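Reading through the structure tokens given below for one structure.
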Amino acid sequence: MATRPLVSLVIPLYNEEECFEALEQALDGFIEAQQESWRFEVVLVDDGSTDATWTMVRSYAARRSYVRGVSFSRNFGHQNALFEGYRQARGEAIVCLDGDLQDPLEVVTRMLRAWEGGAEVVFAIRTRRHGETWFKRWTAYAFYRLLAFMADTDAPLDSGDFRLLDRRALNVLLRMPERHRYIRGMVGWIGFKRATVSYERQRRVAGKTKFSLRKMLAFGVDGLLSFSTFPLRLTFLFSVLGSLPFLLYAGRAFVLQALGVREMAPGWMSLLLAIVTFGSLILMAIGLVGEYVGRIYDTVKQRPDVIVRESCGLDAVRSRQVVGAATMHDMDADLVTEPQSEGPAVYFE
Ligand code: UDP
Ligand code: MG
Numbered sequence: 002m003a004t005r006p007l008v009s010l011v012i013p014l015y016n017e018e019e020c021f022e023a024l025e026q027a028l029d030g031f032i033e034a035q036q037e038s039w040r041f042e043v044v045l046v047d048d049g050s051t052d053a054t055w056t057m058v059r060s061y062a063a064r065r066s067y068v069r070g071v072s073f074s075r076n077f078g079h080q081n082a083l084f085e086g087y088r089q090a091r092g093e094a095i096v097c098l099d100g101d102l103q104d105p106l107e108v109v110t111r112m113l114r115a116w117e118g119g120a121e122v123v124f125a126i127r128t129r130r131h132g133e134t135w136f137k138r139w140t141a142y143a144f145y146r147l148l149a150f151m152a153d154t155d156a157p158l159d160s161g162d163f164r165l166l167d168r169r170a171l172n173v174l175l176r177m178p179e180r181h182r183y184i185r186g187m188v189g190w191i192g193f194k195r196a197t198v199s200y201e202r203q204r205r206v207a208g209k210t211k212f213s214l215r216k217m218l219a220f221g222v223d224g225l226l227s228f229s230t231f232p233l234r235l236t237f238l239f240s241v242l243g244s245l246p247f248l249l250y251a252g253r254a255f256v257l258q259a260l261g262v263r264e265m266a267p268g269w270m271s272l273l274l275a276i277v278t279f280g281s282l283i284l285m286a287i288g289l290v291g292e293y294v295g296r297i298y299d300t301v302k303q304r305p306d307v308i309v310r311e312s313c314g315l316d317a318v319r320s321r322q323v324v325g326a327a328t329m330h331d332m333d334a335d336l337v338t339e340p341q342s343e344g345p346a347v348y349f350e
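Using this note's numbering, you'd call the opening residue of the sequence shown number 2 and step up by one each time.
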């Protein structure tokens, strides 16, 4: 029994008080049923909820020895919450899932079997999505295909953040210092031995999606820009395509000139067109370069990506106080002493 591997279940939560009881019951039932084969820890990351989520996490952690919770000082977004959960996890296999039970726990069992069969990254592919709007389904469908076409990462299509990572694969992720993380892209990029399981995505047990249109758009842009310089190349393509008509036009003018034919129109229309077209192309190119420069700026600033305000439960001492005047360098040194935990989170408690 002592050799049963430890499995971490990482769950980001943002205002999920309506789902929490159902989640708790599902987790308890699952862990109880699977304890013959695996040991479990549950890492709950409260992403700055403004409802009772954190209170509920604390009370759950007080009742169950396998629960660890951390709470952020504000909402840092799903990808950052997930990544902090990854930092906190201790397991040999790490599975992350939604707090709203859209990703069924039965699928976790299948992922774990695949892991025991030697896979280091197990993707869960959604064959159907229940209870999601057609807008969400279609934008997701189109986005994954656009990204696959443009990006230099090869995550399977239609796999979300519901996945299993072996400890080795996760440690590689934890050592990637980039910002604006698009974790599915990073997981696609690192490689390792892969397996997939397919499942039907369930509807939420309660509450509404915590992904506003704004968050979805920001997420999509992160995905495209973090994994591709294709948009930069696209501006080049556009400027070539844009200048083509003018080259043709110039050729025509040249020929007419040579034949001694006088142009009817004085030609200021074409001039205006040229100015407007190239002006907007240049603006677009600058804006696009600006997007990348902004990301470089965010990266060099080295601001912590999340701030942990409080933690509870299993090994909560891991979150320690970082003295106010500590430089980033000091904090790094501090964090290196912790196994498998590296990187720019500030623990403040
Ligand atoms: N979430 C989060 N921070 C956010 C938005 C969402 O931690 O800023 C959590 C949310 O509570 C849920 C998971 O991330 O557990 C996925 O979000 P949601 O279910 O709302 O997204 P959807 O399944 O609709 O894509
Ligand atoms: Mg969900």
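From the three backbone atoms N, C-alpha and C, an ideal C-beta is built for every residue, glycine too.
No experiment lies behind these values; they were computed from the predicted model shown.
Are the CB atoms of residue j and residue i within a distance shorter than 8 Å?
{"i": "S74", "j": "R310", "result": "yes"}
{"i": "N16", "j": "T54", "result": "yes"}
{"i": "G86", "j": "V123", "result": "no"}
{"i": "V382", "j": "V44", "result": "Given that the chain is displayed from residue 2 to residue 350, the structure contains no residue 382 and the question cannot be resolved."}
{"i": "G70", "j": "S312", "result": "yes"}
{"i": "D180", "j": "D299", "result": "Going by the sequence as given, residue 180 is Arg instead of Asp. Taking 8 Å as the Cβ cut-off, R180 and D299 qualify as a contacting pair."}
{"i": "D155", "j": "G189", "result": "yes"}
{"i": "F228", "j": "L148", "result": "yes"}
{"i": "V68", "j": "L315", "result": "yes"}
{"i": "S38", "j": "L14", "result": "no"}
{"i": "L98", "j": "F163", "result": "yes"}
Mapping DSSP to helix, strand and coil, what is residue i?
{"i": "L158", "result": "coil"}
{"i": "A90", "result": "coil"}
{"i": "Y200", "result": "strand"}
{"i": "A141", "result": "helix"}
{"i": "S9", "result": "strand"}
{"i": "G221", "result": "helix"}
{"i": "L235", "result": "helix"}
{"i": "R180", "result": "coil"}
{"i": "G100", "result": "coil"}
{"i": "F247", "result": "helix"}
{"i": "D351", "result": "Past the boundaries of the shown model lies residue 351; the chain is included only from 2 to 350, so the question cannot be answered."}
Could you check if residue i is buried or exposed, using at least 16 other CB atoms within 10 Å of its CB as the buried criterion?
{"i": "W139", "result": "exposed"}
{"i": "D101", "result": "buried"}
{"i": "L113", "result": "buried"}
{"i": "I64", "result": "Strictly speaking, residue 64 in this sequence is Arg, with Ile absent from that position. By the 10 Å Cβ count, R64 comes out exposed."}
{"i": "P178", "result": "exposed"}
{"i": "S66", "result": "exposed"}
{"i": "G78", "result": "buried"}
{"i": "Y61", "result": "buried"}
Item checked: Meets three-Cβ-pair contact criterion under 8 Å: the region 182-198 and the region 223-231 -> Taking a contact to require three or more Cβ pairs closer than 8 Å, the region 182-198 and the region 223-231 qualify as touching.
Next item on the list: Indicate whether the contact test is met: 3 or more Cβ pairs, each with one atom in the region 201-217 and one in the region 126-136, closer than 8 Å.
Entry: When C-beta atoms of the region 201-217 are compared with those of the region 126-136, three or more pairs fall below 8 Å, so the two segments count as touching.
Next item on the list: Would you check if the region 88-99 and the region 166-178 touch, i.e. whether three or more CB-CB distances between them fall below 8 Å?
Entry: As far as the Cβ criterion goes, the region 166-178 touches the region 88-99, which means the pair count is three or higher.
Note to self: Just to confirm the assignment: which complete alpha helix (DSSP H) runs, minimum length 4, are found wholly within the region 12-75?
What the structure shows: If we require 4 residues or more, the alpha helix (DSSP H) runs fully inside the region 12-75 come out as 18-35 and 54-64.
Check: Around the ligand GDP, which residues pass a check of Cβ closer than 5 Å to any of its heavy atoms?
Finding: No copy of the ligand GDP occurs in the structure displayed; its ligands are the ligand UDP and the ligand MG alone.
Next item on the list: Output the residue ranges of the alpha helix (DSSP H) runs that lie fully inside the region 105-140 and measure 4 residues or longer, sorted by chain position.
Entry: Complete alpha helix (DSSP H) runs here, min 4: 106-117.
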